[in-house]
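These notes concern the structure reproduced below.
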Amino acid sequence: MFSGIRPGVARLFRLGTLQPEATHAEVDAEIAHHLAEREAQLVSRGMSEAEAREEARRRFGDVESAKQRLHQSARRRDSTLAGREYWRTLRNDFAFALRSLRRAPSFLFVAVASLAIGIGANAAMFSVVDAILLKPLAYSDAGELVRVWNEGFAPPGVYDIVSDDATSYSGLAGYEGGTLVSMLSGDDATRVLASRVTTNLLDVLRVQPTIGRGFRADDGTAANAPTVLLSHTLWRDQFGQDNGVIGRSISLNGLPHIVIGVMSARFRLPDVDAALFIPVRAVRGSADYWWTTYLRLVARLKPDASPPSATTELALLLDRARSAFPYRMPDTWGAGATVTRLQETVVGGSRSALLLMMGAVALVLLVACANVATLYMGRAATRARELAVRSALGAGRARIVRLLITECSVVAALGTAAGLALAAVA
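Numbering (the working numbering), first residue to last: 6 to 431.
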C-alpha cells in the first residue's frame, strides 16, 4: 500500500518536472552537431570524411567525459528552473487560497474556531500532563528519591532514630509543610511561607544554591546564629536580585537570621512552595524534639535497596521509635507506613483523572476534525463547477489536489495559531 502511495505524494510535492531522458538526448544532439560541424569544416579543407571524423574527435577530446559534464550542468539548470517554477506556483496557490477563503468568511471562521478549540484544549491539557506525569522531578537522579512514611509526619526524635539505624538509604532528610512568618528586611515587612528543613536536605536532593552556600551541620545547632536560605522568587521580588543580600540579616518573627544563599528558580520542595528555608534546631529533651515540629521524610535509596525492602525495615524502625517516645503512643501509631517513589507521591491520585481528561480533550479534537471535514464536504459541492473547469483547461488530478491541500494548510495554520494562543490563556 505504501509503495503505491509514495509515488503519488512525490508527484504532488516534487520540485518541478525533471526529464532525464530529454536532457540526455539534448546533450547527445549538441555534441553530435558540434562534431558534424567540425567534420564538415575539415572536409572542406581537403580531408577525407574518415580522416575528418577522426581529427574532429581528437580535437574535441574525451567525448564521454564531456557528456558527463554537460549532463551535470543540464541537471543543475533543470533543477534550478524547476525549483523556481515550483515556488512560483506555490506562491500563486497560497495567494489563490487566501482570496478564496476571504470570499467565504463564515466557512473560515467556523473551521478555524473548531480547530482552535480542539488544538487549544489538547495543548493546554498536555502541558499539565507533561509537567506532572512525564517530566522528572527537578532533582539529580530523581528516580532514587522516595517518600518515607507518606501518610505520616515524624518529629525530630523519630527522624534521628530512622536516620541513624536505617540501612536502605544513602541519605535521609526532612522538611516541614510550611508556616507563615513575618519577615522584616530594613523597613519592609511582609508575610511569607517558611519551611524548617534538616541541614542535609539539599545534599539528599542533590541541589545547591545558585549564589551563596547551603546549610552545614552546625547551622542546626544553638552555637551559631540562625541562618536562612531564600527562594529565587523571594530574592527577585523582595530583594531585587541583589547579590549583596548574602550575609545580610533579616528578621523572622522578630528573630534575626543571616541570609546564606539563594536557591535556583527551578527549586521547590516536593509538595511545599516555600519562600524561606530555615534549619531545624531541635535539641534532645526539648518540646520540639518530640512534638510541635513534624517533618515529612524524603530519602535517597541505595542501589541495592527497593521500596518494598525499605518498607519492611521502616516497620521495625517505627516500632522501635514508638517505645522511645517520652509518653505512651498508641499501638497503631506508624502502622501501615510505606516507602514510595517520590514521583508517585507527587502525582498522587491525579494520574487517572489527568489521563481521563486528556482522553476527553482528544475526543474534542476528533469532533473538531469531523466538523471541519463536514464543512469541507459542503465546500467541495459548491466548488464542483470550478474544479470541472480547471480539469477541462488541462489541470491534472495531482495539480488540483495540491491546490486544495494548500488551502487546507492555510486553514490548519490559522487554526493552530489560534489554538496555541487559546492554550496559553488556558
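The C-beta atom is built at its ideal place from N, Cα and C for all residues, glycine as well.
Sequence-distant residues of the same chain with beta carbon closer than 6 Å to residue i, five excluded per side
{"i": "N376", "result": "S119"}
{"i": "T22", "result": "Only weak support is given to the placement of T22: the predicted model assigns it a pLDDT of 47, under 50, and the value that follows is read from those uncertain coordinates. Once the five neighbours on either side are set aside, T22 has no close Cβ partner at all."}
{"i": "E59", "result": "none"}
{"i": "A121", "result": "G420, A423, G424 and L427"}
{"i": "S236", "result": "M268 and A280"}
{"i": "G123", "result": "V369, L370 and A373"}
{"i": "F272", "result": "V212"}
{"i": "F220", "result": "T204 and P284"}
{"i": "R287", "result": "For the sequence presented, residue 287 should be read as Ala rather than Arg. The answer, listed in chain order, is P161, D293, Y294 and T298."}
{"i": "V430", "result": "none"}
Contact set for residue i: own chain, Cβ-Cβ below 8 Å, skip 5 residues either direction
{"i": "A178", "result": "V202, T203, N205, L206, D208, V209, L210, L302, V303 and A304"}
{"i": "V117", "result": "V416, L419, G420 and A423"}
{"i": "V167", "result": "V153, A159, L177, L302, L319, L322, L323 and A326"}
{"i": "D33", "result": "K72"}
{"i": "R384", "result": "A109 and F112"}
{"i": "V14", "result": "Residue placement at V14 cannot be trusted, given a pLDDT of 49 that sits under 50; the coordinates are not used to answer."}
{"i": "S105", "result": "E412"}
{"i": "T238", "result": "A270 and A280"}
Reference residue i, options the options, closest by Cα
{"i": "D192", "options": "T316, I255, A315 and L427", "result": "I255"}
{"i": "F114", "options": "A429, A159, G420 and A426", "result": "G420"}
{"i": "I216", "options": "A230, G249 and L189", "result": "G249"}
{"i": "V351", "options": "Q213, L360 and L138", "result": "L138"}
{"i": "A37", "options": "R196, L47, V48 and A61", "result": "A61"}
{"i": "L40", "options": "E56, F65 and A55", "result": "F65"}
{"i": "G225", "options": "A30, Q243, P161 and T238", "result": "P161"}
{"i": "A270", "options": "W240, R404 and S291", "result": "W240"}
{"i": "V267", "options": "L257, L370 and L234", "result": "L234"}
{"i": "R346", "options": "K307, S291 and R50", "result": "K307"}
{"i": "A79", "options": "E42, L95, E35 and P231", "result": "E35"}
{"i": "A227", "options": "D165, E31, R402 and H262", "result": "H262"}
{"i": "D5", "options": "S84, S175, R96 and D165", "result": "Limits of the chain in this structure are 6 at one end and 431 at the other, which puts residue 5 out of reach."}
{"i": "P312", "options": "V277, A171 and V366", "result": "A171"}
{"i": "S355", "options": "M52, T387, R96 and D135", "result": "D135"}
{"i": "G183", "options": "A87, R395, A287 and D276", "result": "D276"}
{"i": "S291", "options": "P335, R404 and P331", "result": "P331"}
{"i": "A230", "options": "L257, P214, D247 and T238", "result": "L257"}
{"i": "V151", "options": "T337, D165 and S173", "result": "S173"}
{"i": "E31", "options": "S53, H76, Q46 and A45", "result": "H76"}
Cβ shell of residue i (< 7 Å), same chain only, five flanking positions each side left out
{"i": "S145", "result": "R211"}
{"i": "M6", "result": "With a pLDDT of 45 at M6, under the threshold of 50, the predicted position of this residue should be treated as unreliable, and no value is reported."}
{"i": "W296", "result": "P160"}
{"i": "N155", "result": "T343, T345 and T350"}
{"i": "L380", "result": "F112, V115 and A116"}
{"i": "W338", "result": "R327"}
Integer Cβ distance of residue i from residue j, believed to fall under 8 Å
{"i": "A102", "j": "V406", "result": "Actually they do not touch by this definition, with Cβ atoms about 13 Å apart."}
{"i": "G252", "j": "V264", "result": "7 Å"}
{"i": "M130", "j": "M363", "result": "5 Å"}
{"i": "R368", "j": "V133", "result": "According to the sequence displayed, residue 368 carries Leu and not Arg. With 8 Å as the limit, L368 and V133 do not qualify as a contact, their Cβ atoms being about 17 Å apart."}
{"i": "A57", "j": "V48", "result": "5 Å"}
{"i": "Q243", "j": "T316", "result": "Not a contact, Cβ separation roughly 42 Å."}
{"i": "D98", "j": "L392", "result": "Wrong, their Cβ atoms sit about 14 Å apart, outside the cutoff."}
{"i": "S200", "j": "A279", "result": "4 Å"}
{"i": "P284", "j": "T232", "result": "6 Å"}
{"i": "L300", "j": "E149", "result": "With 8 Å as the limit, L300 and E149 do not qualify as a contact, their Cβ atoms being about 20 Å apart."}
{"i": "V366", "j": "N127", "result": "5 Å"}
Residues bridged to residue i (per DSSP)
{"i": "S396", "result": "Its beta-bridge partners do not exist; DSSP assigns none."}
{"i": "R431", "result": "First, the amino acid is wrong: residue 431 is Ala here, not Arg. Per DSSP, none; premise fails for A431."}
{"i": "M432", "result": "Residue coverage of the chain in this structure runs from 6 to 431, which leaves residue 432 outside it and unanswerable."}
{"i": "V233", "result": "V264"}
{"i": "L239", "result": "According to DSSP, L239 bridges with nothing at all."}
{"i": "R325", "result": "BP columns for R325 are empty, so no partner."}
{"i": "S200", "result": "F282"}
{"i": "R152", "result": "V303 and T345"}
{"i": "Y174", "result": "L306"}
{"i": "A159", "result": "L300"}
{"i": "I216", "result": "V267"}
{"i": "Y164", "result": "For Y164, which the question treats as bridged, DSSP gives no partner whatsoever."}
{"i": "G179", "result": "L302"}
Within-9 Å CB hit, residue i to chain D
{"i": "A57", "result": "Chain labels in this structure do not include chain D; a single protein chain is all it has."}
Segments of 3+ residues assigned as beta strand (DSSP E) that fall wholly inside the region 33-59:
none
Complete runs of the alpha helix (DSSP H) confined to the region 76-150 [at least 4 residues]:
110-134
Ranges of the alpha helix (DSSP H) found wholly within the region 335-377, counting only runs of at least 4:
347-352
Tell me the start and end of each unbroken alpha helix (DSSP H) in the region 274-322 that is at least 4 residues and wholly inside, in chain order.
292-295
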